[in-house]
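Numbering (the working numbering), first residue to last: 13 to 220. For every residue, glycine included, the Cβ atom is placed at its ideal position computed from N, Cα and C. All figures in this text were calculated on a predicted structure; none of them were measured in a lab. Data block below; observations after.
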């Protein structure tokens with residue numbers, strides 16, 4: 013009888029395992045869900061998507077009154093430029109960047125859930141600082157301090173680096189570069205990458 017009970021328990025646990033596997037989604041299905049969530053977010057927020065060519069023809073600006081975002085097809089990042097900044101486009105070399113931001117996860121229905129990472133409205137929180145390195149048109153970044161590195165990793169999300177080809181980051185506080193970004197998991201922080209979800213960022217950049 014004891015052997016039968018053990019066998020029945022084993023069969024039950026095995027069935028739970030198979031059920032769990034059948035209920036989990038494949039990576040392709042997760043990506044499809046993410047793509048739909050981004051599209052729903054765009055529709056819910058009446059975002060007007062423009063092409064890279066339009067963006068370049070507008071002197072790398074977006075019409076905020078028309079709620080324009082430029083889509084970078086090569087990586088799936090969307091960007092709205094609220095303020096380009098008063099500095100210069102960063103050439104080859106390294107600079108320390110201060111970032112303040114709000115991070116929100118996009119749910120499947122297109123709504124957003126504000127995460128605990130908010131260094132804009134909480135002015136008592138120090139900005140994150142990262143080292144931006146530019147080499148032959150390639151961008152990389154490593155956090156020196158701040159909440160992002162504490163929650164995720166020291167690597168700056170690739171989606172955060174996309175704007176630096178077009179923005180002019182300076183030191184003046186009242187003229188900080190200000191952007192809104194929609195960042196798919198492939199360009200996001202490590203948890204978003206692993207769990208396959210997109211994030212929305214309102215973010216400012218300033219030279220240290």
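Asked	Found
Are residue 197 and residue 205 close, meaning C-beta to C-beta below 7 Å?	yes
When burial is assigned at 16 or more other CB atoms within 10 Å of the CB, is residue 34 buried or exposed?	The predicted model places residue 34 with a pLDDT of 40, which falls under 50 and marks its position as unreliable; any figure quoted below should be read in that light. Exposed.
Pull up the DSSP beta-bridge partners for residue 125, would you.	117
Any contact of the segment 134-152 with the segment 74-92, i.e. 3+ C-beta pairs under 8 Å?	no
Check for me: the alpha helix (DSSP H) holding residue 176 runs from which residue to which?	First-last for residue 176: undefined, no H or E at that position.
Compute the beta-carbon to beta-carbon distance between residue 98 and residue 182, rounded to the nearest angstrom, for a pair I have assumed lies under 8 Å.	4 Å
Considering residue 218, what are the terminal residues of the beta strand (DSSP E) in which it resides?	211-219
Would you check if the segment 149-165 and the segment 87-95 touch, i.e. whether three or more CB-CB distances between them fall below 8 Å?	no
Ends of the alpha helix (DSSP H) at residue 92?	First-last for residue 92: 89-95, but that is the beta strand (DSSP E), not the alpha helix (DSSP H).
Exposed or buried, what is residue 209 when buried is set at 16 or more other beta-carbons lying within 10 Å of its beta-carbon?	buried
Rounded to a whole number of angstroms, what is the C-alpha to C-alpha distance between residue 66 and residue 84?	11 Å
To which residues of the same chain is residue 170 closer than 6 Å at the C-beta, ignoring the five residues directly before and after it?	199
Tell me the DSSP bridge mates of residue 188?	In DSSP, residue 188 forms no bridge with anything.
Do residue 165 and residue 202 have their C-beta atoms closer together than 7 Å?	yes
Whose CA, out of 192, 211 and 40, lies closest to the CA of residue 96?	192
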